[in-house]
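Structure first, then comments.
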Amino acid sequence: MINVLRYELKRLFSRKEFFIVIVIAFFYISVDFIYHSVMLINSPLFELPSAYQMWLLYNKVRGQWGQLFAYFLIPLFATIPYSDSYLEDKRAGVINFIITRCDKRVYLFCKGIVVFFSGFIVVFAPLLFDQLLCFCLLPVYSPSENVFNHPTYNAYQFLSTVQLPKLHSINPYLHNLFYMLLNGVCAGIIALVSYSISFFRKMNRYLVVILAFLFYLLENFIGKLISSSTTFSIADYLIILPFSSEITKYQYLLIFIMGLLFISAITINLRCSKDEV
215 MINVLRYELK RLFSRKEFFI VIVIAFFYIS VDFIYHSVML INSPLFELPS
265 AYQMWLLYNK VRGQWGQLFA YFLIPLFATI PYSDSYLEDK RAGVINFIIT
315 RCDKRVYLFC KGIVVFFSGF IVVFAPLLFD QLLCFCLLPV YSPSENVFNH
365 PTYNAYQFLS TVQLPKLHSI NPYLHNLFYM LLNGVCAGII ALVSYSISFF
415 RKMNRYLVVI LAFLFYLLEN FIGKLISSST TFSIADYLII LPFSSEITKY
465 QYLLIFIMGL LFISAITINL RCSKDEV
């Protein structure tokens, strides 16, 4: 199993799709950061946001850019690097060579692990890089958020409906790190969904990306329609909304993620019992 994982990881890191997505993600982060940094030139120190508030998905300074990332770019970044690798193996005949040397179940599940990792890393790494950029430019805690004599890191607990307020109060940077991991995990799950779609007949590398992308958009659209007070849109759980009037229920997010993970595992398991043509 370790050898199969190494083989799949080597293939992932050698794919041009992975390299292109990583470059685009870092470019997007960098351009957005530079744009908003230029806007802060000549601003008084007491008006500067804290480094954690400047982070891309902290919907206070860079709102529209963060929303674009969460609503549209995450599913594309997650699915393009490696979700179609099964179809590529099948088309090239490599799969028949591999399963004669290792158990088919091991091959498919190892590929699934690497597919999940590919989705996770192309989202998590740029978000972490963005937070490091913010540290280089802005103060850790800015005087601008010292409101009502409360500690700066505690301000939004009193002023807003920020998600996970207790974690935010303990340390807003841990709060941001949690959201980086959450975005990475969701991207990994989306990549797995795309990978599972590739097992169906008459699929091609474009369809597995497009269908997963449309599924993500449809869930967010329907989630917005279900309720105006409680959000069921997955993308809303991936952005820190300090002044949101919508109520978030993380039980729904957990059930949704576990449901997709279970369906993906079942789909992979069913594929293991079928002969390759």
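When we follow our numbering, the leftmost residue of the sequence shown carries the number 215, and every step to the right adds one.
Positions of the beta carbon are idealized from the N, C-alpha and C atoms, including for glycine.
Predicted model only: the values in this text are computed from it and were never measured.
Check whether Asp317 and Arg276 have beta carbons under 9 angstroms apart: Residue numbering aside, residue 317 sits at position 103 when the sequence shown is read from its first letter. Residue numbering aside, residue 276 sits at position 62 when the sequence shown is read from its first letter. The answer is no: Cβ separation not under 9 angstroms.
Identified DSSP bridge partners for Ile234: Counted from its first residue, the sequence shown places residue 234 at position 20. Partner(s): none; Ile234 has no beta bridge.
Within 9 angstroms, strictly: CB atoms of Tyr393 and Ile454: Mapped onto the sequence shown, residue 393 falls at position 179. Mapped onto the sequence shown, residue 454 falls at position 240. Their beta carbons are under 9 angstroms apart, which means Tyr393 touches Ile454 by this criterion.
Where Tyr285 falls, given that 16 or more other Cβ within 10 Å makes a residue buried: Your numbering for residue 285 matches position 71 in the sequence shown. That one is buried.
Sub-9 angstroms separation of Ala479 and Ala339 beta-carbons: Locating residue 479 in the sequence shown gives position 265, where the first residue counts as 1. Locating residue 339 in the sequence shown gives position 125, where the first residue counts as 1. Between Ala479 and Ala339, the C-beta gap is not smaller than 9 angstroms, which leaves the two residues out of contact.
Cβ-Cβ distance between Leu341 and Trp269 below 9 angstroms: Within the sequence shown, residue 341 is the residue found at index 127, counting from 1. Within the sequence shown, residue 269 is the residue found at index 55, counting from 1. Remark: C-beta atoms of Leu341 and Trp269 approach each other more closely than 9 angstroms.
Check whether Glu231 and Cys324 have beta carbons under 9 angstroms apart: Stepping through the sequence shown from its first residue, residue 231 is reached at position 17. Stepping through the sequence shown from its first residue, residue 324 is reached at position 110. In this structure, Cys324 does not lie closer than 9 angstroms to Glu231 by Cβ.
Separation of Ile248 from Asn310, as counted between CA atoms: Along the sequence shown, read from residue 1 onward, the residue named residue 310 stands at position 96. Along the sequence shown, read from residue 1 onward, the residue named residue 248 stands at position 34. So the alpha carbons of these two residues sit roughly 49 angstroms apart.
Own chain residues within Cβ distance below 6 angstroms of Gly402, not counting five before or after: Start at 1 with the first residue of the sequence shown, and residue 402 comes out as number 188. Phe330, Gly333 and Phe334.
Proximity of Leu226 and Pro295 at Cβ, strictly below 9 angstroms: Indexing the sequence shown from 1 puts residue 226 at position 12. Indexing the sequence shown from 1 puts residue 295 at position 81. Taking 9 angstroms as the Cβ cut-off, Leu226 and Pro295 qualify as a contacting pair.
For Tyr321 and Ile327, believed in contact at Cβ under 8 angstroms, the rounded distance: Stepping through the sequence shown from its first residue, residue 327 is reached at position 113. Stepping through the sequence shown from its first residue, residue 321 is reached at position 107. Contact between Ile327 and Tyr321 is absent: CB atoms are separated by about 11 angstroms, not below the 8 angstroms threshold.
Where the alpha helix (DSSP H) containing Ile465 begins and where it ends: Translated into positions along the sequence shown, residue 465 becomes position 251. Residue identity check: residue 465 is Gln in the sequence provided, not Ile. Tyr464 to Cys486 is the span of the alpha helix (DSSP H), which, as asked, contains Gln465.
Cβ-based burial, Val218 [other Cβ within 10 Å; buried from 16]: Here the question's residue 218 lines up with position 4 in the sequence shown. Counting Cβ neighbours within 10 Å, Val218 comes out buried, since at least 16 surround it.
Val218 - containing alpha helix (DSSP H), residue span: Walking along the sequence shown from the start, residue 218 turns up at place 4. Per DSSP, Val218 belongs to the alpha helix (DSSP H) from Ile216 to Ser228.
Contact under 9 angstroms by Cβ, Ser411 with Leu432: As a first step, residue 411 must be located in the sequence shown, where it is residue number 197. As a first step, residue 432 must be located in the sequence shown, where it is residue number 218. The sequence shown places Ile at residue 411, not Ser. No; because the gap between Cβ atoms is not below 9 angstroms, this pair is not in contact.
Start-to-end residues for the alpha helix (DSSP H) that takes in Gly398: Walking along the sequence shown from the start, residue 398 turns up at place 184. Start and end: Pro386 to Ile411.
Beta-bridge pairing of Tyr272 - partner residues as DSSP gives them: Here the question's residue 272 lines up with position 58 in the sequence shown. DSSP output for Tyr272 lists Ile454 as bridge partner(s).
Option nearest Leu287 by Cα separation, candidates Pro258, Gly398 and Leu439: In the sequence shown, residue 287 corresponds to position 73, counting from 1. Cα-wise, what sits closest to Leu287 is Gly398.
CA-to-CA distance, Asp298 to Ser408, given in whole angstroms: Along the sequence shown, one-based indexing puts residue 408 at 194. Along the sequence shown, one-based indexing puts residue 298 at 84. Between Ser408 and Asp298, the C-alpha separation is close to 8 angstroms.
Residue nearest to Pro386 in terms of C-alpha spacing, selected from Val235, Gln267, Ile469 and Asn273: Taking the first residue of the sequence shown as 1, we reach residue 386 at position 172. Comparing Cα positions, the closest option is Gln267.
7 angstroms Cβ shell around Pro289 - same chain, five flanking residues per side excluded: For the purposes of this step, residue 289 is taken as residue 75 along the sequence shown, with counting starting at 1. Excluding sequence neighbours, Pro289 sits near Ile404, Ala426, Phe427 and Tyr430.
Closest residue to Pro357 among Leu301, Ser264 and Phe476 (Cα-Cα distance): Position 143 of the sequence shown holds residue 357. Answer by Cα proximity: Ser264.
Cα-Cα separation, Leu282 to Arg315: Within the sequence shown, numbered from 1, the residue matching residue 282 stands at position 68. Within the sequence shown, numbered from 1, the residue matching residue 315 stands at position 101. Going by the C-alpha atoms only, they are around 44 angstroms apart.
Cβ neighbour criterion (16 or more within 10 Å) applied to Phe362: On the sequence shown, position 148 is the one that residue 362 refers to. Because the pLDDT of Phe362 is 49, which lies under 50, any placement of that residue in the model is unreliable, and the number read from its coordinates should be weighed accordingly. Phe362 counts as exposed, since fewer than 16 other C-beta atoms from the protein chains shown sit within 10 angstroms of its C-beta.
Classification of Asn273 by the beta-carbon crowding that lies within 10 angstroms, buried from 16 upward: The residue labelled residue 273 in the question sits at position 59 within the sequence shown. By the C-beta density criterion, Asn273 is buried, having at least 16 other C-beta atoms within 10 angstroms.
Distance, Ala449 Cα to Ala292 Cα: Sequence index remark: in the sequence shown, residue 292 carries index 78 (1-based). Sequence index remark: in the sequence shown, residue 449 carries index 235 (1-based). So the two alpha carbons sit approximately 14 angstroms from each other.
Ranges of the alpha helix (DSSP H) found wholly within the segment 258-334, counting only runs of at least 4: As far as the segment 258-334 is concerned, its whole alpha helix (DSSP H) runs of at least 4 residues are 277-282, 288-293, 299-306 and 308-313.
Check whether Leu254 and Leu351 have beta carbons under 9 angstroms apart: As a working note, residue 254 is residue 40 in the sequence shown. As a working note, residue 351 is residue 137 in the sequence shown. Judged by beta-carbon spacing, Leu351 lies within the 9 angstroms limit of Leu254, meaning their Cβ atoms are closer than that value.
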